[in-house]
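**Q**
Number of protein chains: 4
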Amino acid sequence: MAQDDKRASVGIGLIGSGFMGRCHANAFRSVAGLFDVPLEPRLNVLADASDELAAQAAQALGFVRGTGSWQELVADEAVDIVAITAPNVLHAPIAHAAIAAGKTVYCEKPLSTTAAIALEMTEAAEAASVVTLVGFNFLRNPMIKLAREIIASGEIGEVTGFRGRHAENYMANSEVAHSFRTDPQGGGALADIGSHIISMARYLLGPIAEVQADCRTIHATRPVAPGASERAPVEVDDMTHALLRFENGVSGSLEANWAATARTMDLSWEITGTKGALGFSQEQMNELLLWSATPGRSGYTRIEAGPAHPPYGAFCPAPGHHLGFNDLKVIEVAELLSAHAGGPACGPDFREAYEVQRAVEAMQQSHADRRWITL
Amino acid sequence: MAQDDKRASVGIGLIGSGFMGRCHANAFRSVAGLFDVPLEPRLNVLADASDELAAQAAQALGFVRGTGSWQELVADEAVDIVAITAPNVLHAPIAHAAIAAGKTVYCEKPLSTTAAIALEMTEAAEAASVVTLVGFNFLRNPMIKLAREIIASGEIGEVTGFRGRHAENYMANSEVAHSFRTDPQGGGALADIGSHIISMARYLLGPIAEVQADCRTIHATRPVAPGASERAPVEVDDMTHALLRFENGVSGSLEANWAATARTMDLSWEITGTKGALGFSQEQMNELLLWSATPGRSGYTRIEAGPAHPPYGAFCPAPGHHLGFNDLKVIEVAELLSAHAGGPACGPDFREAYEVQRAVEAMQQSHADRRWITL
Amino acid sequence: MAQDDKRASVGIGLIGSGFMGRCHANAFRSVAGLFDVPLEPRLNVLADASDELAAQAAQALGFVRGTGSWQELVADEAVDIVAITAPNVLHAPIAHAAIAAGKTVYCEKPLSTTAAIALEMTEAAEAASVVTLVGFNFLRNPMIKLAREIIASGEIGEVTGFRGRHAENYMANSEVAHSFRTDPQGGGALADIGSHIISMARYLLGPIAEVQADCRTIHATRPVAPGASERAPVEVDDMTHALLRFENGVSGSLEANWAATARTMDLSWEITGTKGALGFSQEQMNELLLWSATPGRSGYTRIEAGPAHPPYGAFCPAPGHHLGFNDLKVIEVAELLSAHAGGPACGPDFREAYEVQRAVEAMQQSHADRRWITL
Amino acid sequence: MAQDDKRASVGIGLIGSGFMGRCHANAFRSVAGLFDVPLEPRLNVLADASDELAAQAAQALGFVRGTGSWQELVADEAVDIVAITAPNVLHAPIAHAAIAAGKTVYCEKPLSTTAAIALEMTEAAEAASVVTLVGFNFLRNPMIKLAREIIASGEIGEVTGFRGRHAENYMANSEVAHSFRTDPQGGGALADIGSHIISMARYLLGPIAEVQADCRTIHATRPVAPGASERAPVEVDDMTHALLRFENGVSGSLEANWAATARTMDLSWEITGTKGALGFSQEQMNELLLWSATPGRSGYTRIEAGPAHPPYGAFCPAPGHHLGFNDLKVIEVAELLSAHAGGPACGPDFREAYEVQRAVEAMQQSHADRRWITL
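Below, the structure is given as structure tokens:
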């Protein structure tokens, strides 16, 4: 017998087919075979810059059809969830249209190019009571969930210090050209990847109260386009170091750096508490370090991900079989489908993404003003 | 426009829906969105122990229909590739039937319960010229492919030594009950996971010429079934240490251990050459250690997986975004589809799997006889 | 024949016999058997808080005699080098006396309780042209010397970023009592161990131009004495995070933390350059991480200390045999003896120690004023 | 007042001034300043190959006098402890002379060139009731003592498996010339460094009952002397892999390899028990890995050496300040002085060293015979 009539389905409309678009598509394809989701995703429409590109991408990624018009996609009755992986500048108009159409909106980070626009999007979504989710996928890691539980339980005592970083090297070379990444509107290392460590810090420790950052542009100019000999000034940061104080009194620092020559994924932190501590690096994403005091036996314990750490078990019943980056997106989509079907809000929603963006802008402002900024 | 007419499809029949069955299903679902495969898999039939179980599994894993009869699945014209994740004892009859039907056979390891039966399967497949592939998925890791290339290129000089291990802890507890794993016919740590490090050693260094092993049963008895108070003797090894000599003159050792209390996935090795060395552990599956001599700068370099190491780029265009265990299966399936469509043989085929099994049995024999065995 | 007449000797006077006093004594005892030093140290006088304590310590540490008067020690003609491991508040009077007596002064860090006093000491020493050395022993590590050479050579390109830390847990417990460490005059985590990472940053990257720090007292009160039930407020920092800009344009951050529950010796840093990067942690003090770009082979190389990294070879002719903390002090003393005998200045001298202290105070001021401070 | 009359002294006679001779001298110089030893060592006589060499070495290492005659040294009444770091072939005659003179004998490993000679030395020492100690200094590591205590206490349950290795690269190059190391009498990787992992295995797990080894000569010839163009065959192993069974039923494997290109000090092991496990590598000699089961928190805990692990505290009162290789020798000498003064035997004595040598020879024999050997 066919399975089709067994599980209700939900129509997916995906806008964009780059790195993140492919990642979304894969997650929607995979999720129902791994998670007991309430709804089976149907990959109905893919929108891209033109009909032709969209058709090619639809075929490659397994969507029923493609379209060069995201407006058409949003309006399509076969689309229940609008997944936005388009350029950042398009996030707001697409999201507003999708919200107006009452659809669930699943948007890649950053939510928008400015916090002000992000706030408008947030308020629109809240007014319309639509489900929103922003793709801070690193939060989906079972080890990050475990870290949050450990902190919340008091197992490491009262938290006293935070030291975080997101460092990669994709812009380390001065010959990497200008792109949306270096657009003063929403660009720079702090906005692009600093937002990940900010979102993770907030997830683990709560709101940030005050910041003081130091932003630096390492490469003064870059080619105006890939391979171009003409160069234009860079107006965004390549590297930012920041001091931060959380509302709960914890203080610490973070670094955002896309010119960290030796690093490909140093999204890492150490959180110190009065009784213990936690350490994590995305470079060993299947591990969490936990320190607890035992006379003569103290030290960091390297906890390996396993079925004891949900939802790892959805992927594999045995420990030691690593999750990968794409699996984090599958978890994200599983939680999205649950929320879409009326389950608990899964976050980070638009408001949370707005708060992250607000922290980014506060850091930028603190740099410009050379002073502490209270959020 | 719909994509369906664009890419030819291939019908999949999957037998079994346990850990590995789910893993196969996920790979078949995902592969076409990640790899530019020549054929789009259609998840047509899933067979399990009963019609009911099969129907449930078919729905959960996204297959069109289920059946309690693997014979029916094999005979179904909608099935082009027969994927076998059934109990080991069924591998041979299913494979023979699929071979007789001229179908591509994709079988989980071990190929069979004895090398003799595996040889029969191999000869049947070769006589029928069907494509075969056995699921030694750890070989699909881009870092393992890189290691093989480095060795083949002479970059580390002439290889002199090998030290390997596959250690996990899933049978460490004496209360884990008897199962197919402890069946003297094909069971034991050496057969179950030692086969992985043997296959990897062969993949990297070629055939093994001589072995001398020491097998040990750590827990003399186990419950006859989960939760049972009745116990029965264990007749297979929990841990085996072996000396080995390769045909190319390299000598070394390996360990297979499913009672390695502290280990969940220590599939690891060091390969020493006259000019350099390589190190790997599945616990850090996205890394390869490469040692090369530079005065005052010598040391192991920790190479992180990235797009420079195919087919990593199929999953992600940026380095540092880890692959996970399930991704290895997707790579395996991509290579299977290519071979099925007439592309190059991807291996390990039935003959290679037979050779692995022969090495396992030679080790067991060497233990029983307390002497070196020449393969 | 006796050796005594072969090598000229130098008389040592050591003030203090605590942790660092013992460490000095050991270094002076050992150095001539390991290094080809120009002068053989004679452990002539040890001064401590009383004649009795001094006599006991002299015997335990191998000094000819003890005295309760550091003034007497300084005045003793048998003392050529005055080694100061007394409480910080005594550094200045002892140093001034020793300088006045024209003796070489070897002082533990911090040089004094305030930068102003440290500057007076510095000017006195420079006016008298005596040799001075301050015990920032972590700089003596062969791997730190190697790092400095690599940076100076341009091997990692132009340096762009610094991220440093010195974190330990010796004050993590709120029941650790007040002591000189918590004296507002010269105390606190930043002064006590932050000075180490500041000195190392200066050693590797040069002067610091601007700072902005955030200091935090984690435990508001501590017992007034060990075991006391009475408590008094803590007026120094337990943890400081700071932004810093170097004169050469490099920017970065550092943390000083003596309440870092999980850390016993996280004196660590990463230095990023446009072509490569370096990483170090005192937790693996016999290693230096060096990143350099090679297509498909990029990664951190873990360089192990060996005879290729002077003066490792003074301790052992073979690589892989670790140096320990006390060995760093032996290197320091070997360089001190060379400088005392007219060899090249070895640093850090009083002026350099003053500069470190000035940076500490600038950070404290920046915290108090909540603004950037230019040094 | 002078200290000389306070502590009784013991006269040291050191034979040899190479790597190990210097290491001994340093330990004898340092020990009384670090440990509360009952006797203060007096570095009285150093013997070397000639009077001239001995005089030079005596001066360099701080001995009162030198002599070209070890016989004279042994006979000297000022010598209470005879420390032997001479070529292996001289160990026996020197030891017999020292035993005959009733002196404590402190001998570098290997005890002799053959087990038979080592047994004679052992029996002579036991008959004369002299204190003996053989320099397996890696056993002195506080973390190794901790491991032994953990095992003995049952903390990791019943031990089931052992996997050990000592791998270095000092003979990896085929141009390293013949020396005592390649002398068939007592030479080879197994004898030279395999003895370390054997002694450590015995220290932790007790006697070895049965062995089966595979020895390999990687470089068939080597220069007859450094720089010589003439080459001679190599008759000893460069690399040995061995299976072993302990008397207590534990089974496992070890590797000895002096041609391990990438390794400078991989003296490492994992010991698995039914409840936990331990891991160690001399490459991180200040750490011990301990695995213990805690639901959702299981993993290896990296215990850092500190004052909780005697005798670490003799070197430093704070954790995290690493011990180095030379410190292990200081601990060894402290224990020797205690035993010499009538304290508890410290081991490994001559008999233990003989047992190690017997295990080495059994492994060599098992290789030659291609069979298991029962010790």
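Protein chains in written order, with our numbering: chain Z, 1 to 375; chain A, 1001 to 1375; chain X, 2001 to 2375; chain P, 3001 to 3375. All C-beta atoms in this analysis are idealised placements derived from N, C-alpha and C, irrespective of residue type, glycine included.
Pull up the DSSP beta-bridge partners for Z:Ile303, would you.
**A** Z:Leu288 and P:Gly3299
**Q** Rounded to a whole number of angstroms, what is the C-alpha to C-alpha distance between X:Trp2070 and X:Phe2019?
**A** Rounded to whole angstroms, X:Trp2070 to X:Phe2019 spans 18 Å at the Cα level.
**Q** Helix, strand or coil: which one does DSSP assign to Z:Pro226?
**A** coil
**Q** Along the chain, where does the alpha helix (DSSP H) containing Z:Trp70 start, and where does it finish?
**A** Trp70 to Ala75
**Q** For X:Val2224, count neighbouring Cβ atoms within 10 angstroms of its own Cβ and tell me buried if that reaches 16, exposed if not.
**A** exposed
**Q** Mapping DSSP to helix, strand and coil, what is Z:Glu52?
**A** The answer is helix: DSSP assigns Z:Glu52 an H, G or I state.
**Q** Rounding to the nearest angstrom, what Cα-Cα distance links P:Ala3118 and P:Glu3077 in this structure?
**A** In a straight line, the C-alpha of P:Ala3118 is about 26 Å away from that of P:Glu3077.
**Q** If the criterion is Cβ atoms closer than 7 Å, does the pair P:Thr3374 and P:Glu3210 meet it?
**A** When the beta-carbon positions are compared, P:Thr3374 and P:Glu3210 come within less than 7 Å of each other.
**Q** Is the CB-CB distance between P:Gly3157 and P:Gly3249 below 7 Å?
**A** no
**Q** I'd like to know whether the C-beta of P:Pro3319 is nearer than 7 Å to at least one C-beta of chain X.
**A** yes
**Q** Does the pairing of the stretch 3031-3038 of chain P with the stretch 3091-3098 of chain P give three or more beta-carbon distances under 8 Å?
**A** no
**Q** What residues are listed by DSSP as bridge partners for X:Met2239?
**A** Note: X:Met2239 is bridge-paired with X:Arg2216 and X:Asn2257 in the DSSP secondary-structure output.
**Q** Could you compute how far the alpha carbon of X:Met2121 sits from the alpha carbon of X:Gln2284?
**A** 35 Å
**Q** Of all Cβ atoms in chain A, is any one closer than 7 Å to the Cβ of X:Ala2308?
**A** By this cut-off, X:Ala2308 is an interface position.
**Q** For the 8 Å Cβ check, are there 3 or more pairs between the stretch 338-352 of chain Z and the stretch 1043-1054 of chain A?
**A** Inter-segment contact for the stretch 338-352 of chain Z and the stretch 1043-1054 of chain A is absent: fewer than three beta-carbon pairs are separated by less than 8 Å.
**Q** Where does P:Ser3229 land, buried or exposed, given buried means 16+ other C-beta within 10 angstroms?
**A** exposed
**Q** Just the C-alpha distance for Z:Leu290 and P:Ala3213, rounded to the nearest angstrom, thanks.
**A** Whole-angstrom Cα-Cα distance: 41 Å.
**Q** Measuring only the C-alpha atoms, how far is P:Glu2977 from P:Ala3262?
**A** Residue 2977 of chain P falls outside the range modelled here, since chain P spans only 3001 to 3375, and no answer is possible.
**Q** In the DSSP output, what is A:Glu1270 paired with across the bridge?
**A** A:Arg1163 and A:Gly1279
**Q** For Z:Thr160, does the count of other Cβ atoms within 10 angstroms reach 16, so buried, or fall short, so exposed?
**A** buried
**Q** In the DSSP assignment, find the unbroken beta strand (DSSP E) run with Z:Glu40 in it and report its ends.
**A** Glu40 to Ala47
**Q** Against chain A, with Cβ distances strictly below 7 Å, would P:Ser3268 count as a contact?
**A** Closer than 7 Å: no.
**Q** Is Z:Glu149 buried or exposed, if buried means 16 or more other CB atoms sit within 10 Å of its CB?
**A** exposed
**Q** Rounded to the nearest angstrom, what separates P:Leu3244 and X:Pro2317 at their Cα positions?
**A** 32 Å
**Q** Measuring only between beta-carbons, confirm whether P:Gly3154 sits less than 7 Å from chain Z.
**A** no
**Q** Would you say Z:Met1 faces chain P, with C-beta separation under 7 Å as the test?
**A** Bear in mind that a pLDDT of 33 at Z:Met1, under 50, signals an unreliable position, so the model cannot answer this.
**Q** What residues in the stretch 1315-1343 of chain A bring their beta carbon closer than 8 Å to a beta carbon of chain Z?
**A** Phe1315, Cys1316, Pro1317, Ala1318, Pro1319, Gly1320, His1321, His1322, Leu1323, Gly1324, Phe1325, Asn1326 and Asp1327
**Q** Give the single residue among Z:His219, Z:Arg7, Z:Pro344 and Z:Val134 whose Cα lies nearest to the Cα of Z:Ser195.
**A** Z:Val134
**Q** Quick one: what's got a C-beta closer than 7 Å to Z:Glu108's C-beta in the same chain, skipping five residues either side?
**A** Met20, Ile84, Thr85 and Gly135
**Q** Under 8 Å, with one C-beta from each stretch per pair, do the stretch 2299-2318 of chain X and the stretch 189-206 of chain Z reach the 3-pair mark?
**A** no
**Q** Name the DSSP beta bridge partners of P:Phe3246, please?
**A** Looking at the DSSP assignment, P:Phe3246 forms a beta bridge with P:Ile3208.
**Q** If you run the structure through DSSP and keep just helix, strand and coil, what is A:Ala1078?
**A** coil
**Q** Helix, strand or coil, according to DSSP, for A:Lys1093 in the structure here?
**A** One detail in the question is off: residue 1093 of chain A reads as Pro in this sequence, not Lys. A:Pro1093 sits in a helix when the DSSP states are folded into three classes.
**Q** May I ask you to list the residues that DSSP assigns as paired with A:Ile1197?
**A** Paired residue(s): none; A:Ile1197 is not in a bridge.
**Q** By DSSP, does P:Ala3101 sit in helix, in strand, or in coil?
**A** Correct three-state label for P:Ala3101: coil.
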